[in-house]
Amino acid sequence: MWSQVEADFEQMLARKIYPVLLGDAVYRAFLTLAGMGPNFPSDETVPVSLRENFAKAAKIRAHIAVAEIARSSGLEEARSNAKLITGPVTLYRFWDSRAPERREGVWWFERHVIDLCKQNAGRTAAERLEWLREHLAVSIDWSKMDRIDVMSLAANQEVPVIEGTGTAQRMYSATALTRGKVASKDYWPNLGKFFPGGVKQTVPPFLPRFQGQDLNRFLSGA
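With the first letter of the sequence shown counted as 1, position 85 gets the number 84 in numbering that gives the first Met the number 0; the numbers rise by one all the way through.
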């Protein structure tokens with residue numbers, strides 16, 4: 000239930016400070032709401048004098064984060080949970096070079112999804128990208144998926160996230176035609192067709208640093 004996910008995520012936010020997230024503007028805004036700043040501590044301890052404020056700010060931020068995910072219908076509610084991920088771990092995210100302003104997308108996935116892709120798809124980058132589009136359920140008009148970001152956590156670095164099984168999505172979104180994102184000759188024959196989704200996706204409401212990686216080289220590796 001989303002209510003349980005929200006409650007668990009709230010506890011994670013209120014419990015401690017996450018130094019690896021201090022470079023993220025949204026996380027700094029959360030700390031400011033909790034009464035910290037403009038100088039933020041580098042350790043993990045919430046000052047005793049701010050614990051009540053932290054609890055209140057965590058409740059607000061957790062509600063916003065979970066409500067956005069629930070509204071997107073991108074994760075199966077019954078198979079979603081809040082989780083504290085601890086390094087070493089690497090997460091990946093596709094984005095569209097035609098819409099760099101959308102590079103802030105929240106949908107990430109772990110290495111095991113890439114491994115699963117390489118076991119089940121063809122050997123070319125194009126075949127693997129097609130498999131990933133279908134199983135991450137990225138509607139064709141949502142993203143060209145021609146860029147990939149990599150986020151790596153070192154040992155002992157922690158980030159609170161929400162994870163769950165991705166839902167099926169339309170091959171073309173319901174508004175693709177009216178927004179001019181697809182031609183009628185492509186839209187109508189595929190009306191009612193869905194990408195299955197079904198792999199685990201990770202949503203970090205706050206982001207540590209990440210970097211881009213060459214997509215073809217990434218997908219073409221053994």
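Virtual Cβ for every residue (Gly too), placed ideally from N, Cα, C.
### Task
Please report how far the alpha carbon of T174 lies from the alpha carbon of K55, in whole angstroms.
The residue given as residue 174 occupies position 175 in the sequence shown. The residue given as residue 55 occupies position 56 in the sequence shown. The straight-line gap from Cα to Cα measures roughly 38 Å.
### Ranges of the beta strand (DSSP E) found wholly within the stretch 67-126, counting only runs of at least 3
74-85, 88-94
#### Entry: Limits of the beta strand (DSSP E) - the one that K199 falls within
In the sequence shown, counting from the first residue as 1, residue 199 sits at position 200. Looking at the DSSP string, the run of the beta strand (DSSP E) that includes K199 is 199-202.
### Three-state class that DSSP yields for S151 in the structure shown
If you number the sequence shown from 1, residue 151 lands on position 152. Correct three-state label for S151: strand.
### Message
Measuring alpha carbon to alpha carbon, tell me which residue in G163, F193, A167, R70 is nearest K82.
### Response
The residue you call residue 82 lines up with position 83 of the sequence shown. That would be G163, whose Cα lies nearest to the Cα of K82.
#### Entry: Extent of the continuous beta strand (DSSP E) to which V158 belongs
As a first step, residue 158 must be located in the sequence shown, where it is residue number 159. 157-165 is the span of the beta strand (DSSP E), which, as asked, contains V158.
### Query
How would you label P203, buried or exposed, when you count the other beta carbons within 10 angstroms and need 16 or more for buried?
Taking the first residue of the sequence shown as 1, we reach residue 203 at position 204. With 16 or more other Cβ atoms within 10 Å, it is buried.
### Message
Does P159 pass the burial test, meaning 16 or more other C-beta atoms within 10 Å, or should it be called exposed?
### Response
Residue numbering aside, residue 159 sits at position 160 when the sequence shown is read from its first letter. Under this definition P159 is a buried residue.
### Message
Just to confirm before moving on: does the CB-CB distance between H309 and G73 stay below 8 Å?
### Response
The first residue shown for the chain is 0 and the last is 221, placing residue 309 beyond what the model contains.
#### Entry: R169 in three-state terms, based on DSSP
Sequence index remark: in the sequence shown, residue 169 carries index 170 (1-based). In this structure, R169 counts as strand in the three-state DSSP scheme.
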